[in-house]
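Please read the structure below before turning to the comments.
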Amino acid sequence: MSVGRRTALLFTGGPSLAGVPSHLVLRLVLAAAIAASPTLAAAADAFSRLSRLAQSAAGPGQVSVRFMGTSTILVEADGAQVLVDGFFSRPTLGEMLSPTMPPKTGVIGQALARAGIEKPKLKAILVAHAHHDHAMDSAWIAHQLGAVLVGSDSVRHVANGQGFAGKIHFQEIQGGQTIEVPVRAGIGREAIQFRITAYCSPHSATWFSLKPLTQDLPKNAGALAYTAGPNYSYLIEYKGVRLLVHPSGGYRPGLYRGLRVDVLFLGLARTGRLFHAGETEAYWREVVEETQPSLVIPIHWDDFTKPINDPLPPLTWPVDNADLGLRRILALNAKLPVPYDIERMPIWSPVALPLKPRIHPAVPPVMVGC
Ligand SMILES: [Zn+2]
Numbered sequence: 494m495s496v497g498r499r500t501a502l503l504f505t506g507g508p509s510l511a512g513v514p515s516h517l518v519l520r521l522v523l524a525a526a527i528a529a530s531p532t533l534a535a536a537a538d539a540f541s542r543l544s545r546l547a548q549s550a551a552g553p554g555q556v557s558v559r560f561m562g563t564s565t566i567l568v569e570a571d572g573a574q575v576l577v578d579g580f581f582s583r584p585t586l587g588e589m590l591s592p593t594m595p596p597k598t599g600v601i602g603q604a605l606a607r608a609g610i611e612k613p614k615l616k617a618i619l620v621a622h623a624h625h626d627h628a629m630d631s632a633w634i635a636h637q638l639g640a641v642l643v644g645s646d647s648v649r650h651v652a653n654g655q656g657f658a659g660k661i662h663f664q665e666i667q668g669g670q671t672i673e674v675p676v677r678a679g680i681g682r683e684a685i686q687f688r689i690t691a692y693c694s695p696h697s698a699t700w701f702s703l704k705p706l707t708q709d710l711p712k713n714a715g716a717l718a719y720t721a722g723p724n725y726s727y728l729i730e731y732k733g734v735r736l737l738v739h740p741s742g743g744y745r746p747g748l749y750r751g752l753r754v755d756v757l758f759l760g761l762a763r764t765g766r767l768f769h770a771g772e773t774e775a776y777w778r779e780v781v782e783e784t785q786p787s788l789v790i791p792i793h794w795d796d797f798t799k800p801i802n803d804p805l806p807p808l809t810w811p812v813d814n815a816d817l818g819l820r821r822i823l824a825l826n827a828k829l830p831v832p833y834d835i836e837r838m839p840i841w842s843p844v845a846l847p848l849k850p851r852i853h854p855a856v857p858p859v860m861v862g863c
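Basically my numbering = 1-based index in the sequence shown + 493.
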């Protein structure tokens, strides 16, 4: 989740709210959102006007992707799957205000079945950070399907607090680290694998806590107890095809310098409310222009307090203005002599990526740490 600096200043700087704890301010804002909810559906929607990729089936050796709201993305090739986040519970704003917010295991189970995410295909779950809209369902899925859970130490504290300590295979990851997820044996002794590299990228500014979790999260904790810890973008490589999932709308200057990718999943959370136009330009330059993707797919733009439907509503006031964020991105793209291909994913349906990847220079050394 991503809630931004400029709005936060309104609440922390005003005399009438001086001294009010930030979690109470957040509760007030969420309560206001509930009161305003009838107006949310009427928001202008650049997303529904964006060209949508068609559902298509992948052949042997081909990578396919599925988008299921926020930054929940399934990457699949040759019968093996890697899932980013796996957030399906999508608590309502009312549920987020409650001190107890258990994962909705019935909803998660239905979602896994619908997307064909199953044992033993699912090999790994890559978690961006420990906020609930990324981490809350991931350990349950890892346990259910026997997949490795990959994330920060804060994500481990979420899993442990849910009772999965010692019951799942957890792999802590850090910025600059690469792991290989075996898909199958290749010809001779060549193994075929997903190669996954973590890039520590700042979370967008927010009034939800960005601190790391230093102890196990209480079981069924409420939304405010999920603090982010480090945020990771993941480069996923398979047979020369490169996907970069950049889930949170922050950037680290130079993080992607020299990196070239085929598909960029671009997080738009908070880019409409947090960013000035100039900041959007820096975000665009550091994340899109640095990586020169053949295809840009916006993610984390949907209202994650609503169940997944197609079309999804974009995030609106007071949490975000995703529509404005997208329009700013599209305006920057339109200025280019050769614009990038920016398209949206269908919800739930698989989209096969082009069989022939571009020839890329080697992945440059990755910044270590955060
Ligand atoms: Zn977050």
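For each residue, glycine too, the CB sits at the ideal point set by N, CA and C. If you're wondering where the values come from, they're calculated on a predicted model, not measured in any experiment.
DSSP, reduced to helix, strand and coil, places L638 within a helical segment of the structure shown.
Per DSSP, A855 is not a residue of any beta strand (DSSP E), being assigned neither H nor E.
Per DSSP, the continuous beta strand (DSSP E) segment holding H739 begins and ends at 734-739.
Nearest to K614 by C-alpha distance, out of A570, P807, F797, is A570. Taking 8 angstroms as the cut-off, the C-beta of H739 does not count as close to any heavy atom of ligand 1. Excluding its 5 nearest sequence neighbours in each direction, G765 has C-beta neighbours in its own chain below 7 angstroms: D813, N814, A815, D816, L817, G818, listed in chain order. Shortest Cα-Cα distance from L757 to any of C693, Y833, R820 involves Y833. Under the DSSP assignment, A608 falls in the alpha helix (DSSP H) whose first and last residues are 598-608. Taken through DSSP and simplified to helix, strand or coil, A623 comes out as coil. Not a single heavy atom of ligand 1 lies less than 8 angstroms from the C-beta of D630. With contacts defined as CB atoms closer than 9 angstroms, I601 and I634 qualify as a contacting pair. Put simply, the region 568-582 touches the region 624-632. At least three CB pairs are less than 8 angstroms apart. In this structure, F797 has its CB at a distance of at least 8 angstroms from all heavy atoms of ligand 1. In the three-state scheme derived from DSSP, where H, G and I count as helix and E and B as strand, E665 is classed as strand.
Taken in chain order, the whole beta strand (DSSP E) runs of length 3 or more contained in the region 704-785 are 725-731, 734-739, 756-760. Residue pairing of R559 in beta bridges, as defined by DSSP: L567.
A Cβ-Cβ distance of about 5 angstroms is found for the pair A762 and G742, placing them in contact under the 8 angstroms criterion.
With respect to the 9 angstroms criterion, I618 and V643 are classified as neighbours on the basis of their beta carbons.
In the displayed model, G587 falls within a helix according to three-state DSSP. In the DSSP secondary-structure assignment, D795 is bridged to P807. Collapsing the DSSP output to three states places V844 in a strand. Comparing alpha-carbon positions, the option among L788, G760, Q667, H696 lying closest to L546 turns out to be L788. By the beta-carbon neighbour count (other beta carbons within 10 angstroms, threshold 16), A621 is buried. Taking non-hydrogen atoms of ligand 1 into account, the C-beta of F580 is found less than 8 angstroms away from none of them.
Following the DSSP letters along the chain, one finds L825 inside the alpha helix (DSSP H) bounded by residues 815-827. In the three-state DSSP reduction, A573 falls in the strand class (E or B). Secondary structure note for N802: it is in no alpha helix (DSSP H), with a DSSP letter that is neither H nor E. Within 8 angstroms of the C-beta of D626 there is at least one heavy atom belonging to ligand 1. In this structure, the alpha-carbon of Y725 lies about 8 angstroms from that of S645.
Using a cutoff of 8 angstroms, the CB of F701 counts as near ligand 1, since one of the ligand's heavy atoms is closer than that.
Non-local beta-carbon contacts of P857 in its own chain, meaning distances under 8 angstroms to residues more than five positions away in sequence, involve R750, G751, L752 in chain order. For E774, the CB contacts under 7 angstroms within the same chain, skipping 5 residues up- and downstream, are L825 in chain order. If you draw a 10 Å sphere on the C-beta of V861, you find fewer than 16 other C-beta atoms in it, and that means exposed.
Counted as a single uninterrupted DSSP element, the alpha helix (DSSP H) harbouring R649 occupies residues 646-654. Between R851 and Q785, the alpha-carbon positions lie close to 11 angstroms from each other. A distance below 6 angstroms between beta-carbons, with the five flanking residues on each side excluded, links Y776 to the following residues of its chain, in chain order: Y744.
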